[in-house]
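Structure (structure tokens):
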């Protein structure tokens with residue numbers, strides 16, 4: 021199924037921060053943020069067992085389980101099974117380090133086999149308090165978590181998760197499936213397969229104002245040719261494009277800080293917000309179906325909606341291109 025036909029609107033809500041990413045968020049603040057998203061018309065929600073070892077799913081479910089199931093679209097992910105036992109060692113999250121050190125203390129099984137995929141879905145439904153999912157992404161079978169062993173994880177998913185999700189889609193249990201990753205290569209490899217065929221993909225952090233050239237080289241032309249659509253995760257590049265200090269889930273390096281300051285100066289020259297430029301850039305590619313910034317405060321939802329609808333003059337996009345701050349191959353909102 022086409023993601024653009026499935027998703028209700030171009031702005032969704034990413035729940036990674038609700039898993040206590042970077043900081044411990046009070047339960048009432050997390051719930052108020054989800055309620056604010058609902059009250060302001062957001063109807064696409066993305067989550068994952070990995071986000072705080074089930075915490076984000078639990079918090080999202082507290083709100084969504086009280087809403088009519090046909091009134092929203094929900095995606096979660098497979099590849100991590102949350103166990104009942106407590107983790108006593110420091111979890112190995114590859115490049116992501118202590119990303120969810122404030123999440124639930126449960127041990128996580130990292131596995132993409134058929135059996136683990138079915139267990140993962142069962143666990144998600146229980147934590148969310150709902151009876152079905154719309155979209156399921158195969159999570160993090162990429163270099164940032166597995167280094168050189170990522171191909172082995174990909175093969176485990178190809179013969180396990182991919183086949184289970186294809187069957188569930190064909191049976192009408194879910195509406196769509198694909199990959200949810202922070203790197204382009206696993207998606208490129210999937211699109212090169214004869215089968216199974218994904219409906220789309222969630223690409224986090226790789227189609228933003230700060231990082232998009234690699235995706236434009238091979239992945240996005242392949243996706244466009246095959247009619248496979250993209251949800252853009254992390255449009256603010258872990259927060260630095262929204263006033264934060266993180267890039268790629270870590271403190272931003274000097275060269276990124278310098279580029280952001282150039283982007284901010286250009287935005288200020290044209291009287292626009294950098295958040296608006298970031299969101300509207302990610303949405304301008306014809307493959308993009310939706311963008312899903314995360315939030316941990318209710319006020320952020322209004323900011324995102326304002327950024328989505330802000331009027332950006334064509335001159336800004338022309339100046340952005342002229343300054344070399346965006347790839348010559350990147351589609352811009354006014355076709356600059």
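In the numbering used here, the protein residues as written are 21 to 356. We treat Cβ as the ideally placed atom computed from N, Cα and C, and that holds for glycine.
Uninterrupted alpha helix (DSSP H) stretches at least 4 residues long and entirely within the stretch 255-307 occur at 274-289, 294-304, given in chain order. Cβ contact annotation for residue 53 (same chain, cutoff 8 Å, sequence separation greater than five): 38, 315, 316, 317, 318, 320, 321, in chain order.
C-alpha of residue 201 to C-alpha of residue 56: approximately 27 Å in a straight line. Residue 267 is positioned such that its CB atom lies no closer than 8 Å to that of residue 281.
Of the candidates 233, 175, 277, 329, 233 places its Cα closest to the Cα of residue 349. Residue 238 and residue 208 have their C-alpha atoms roughly 8 Å apart. Beta-bridge partners assigned by DSSP to residue 100: 130. Scanning its chain for C-beta atoms nearer than 7 Å, with the 5 sequence neighbours on each side dropped, one finds around residue 293 the residues 287, 327, 330, in chain order. Note on the stretch 178-230: whole alpha helix (DSSP H) runs with a minimum of 4 residues are 181-190, 205-211, in chain order. When DSSP states are grouped into helix, strand and coil, residue 66 belongs to the strand group. In the DSSP annotation of this structure, the continuous segment of the alpha helix (DSSP H) that includes residue 83 starts and ends at 75-84. DSSP places residue 319 within a helical segment (H, G or I) once states are collapsed to three. The alpha-carbon separation between residue 342 and residue 75 amounts to approximately 44 Å. In terms of Cα proximity to residue 203, the closest of 213, 212, 225 is 225. Linking residue 45 to residue 69 through their CA atoms gives a straight-line distance of about 17 Å. Under the DSSP assignment, residue 49 falls outside any beta strand (DSSP E), being part of the alpha helix (DSSP H) whose first and last residues are 47-59.
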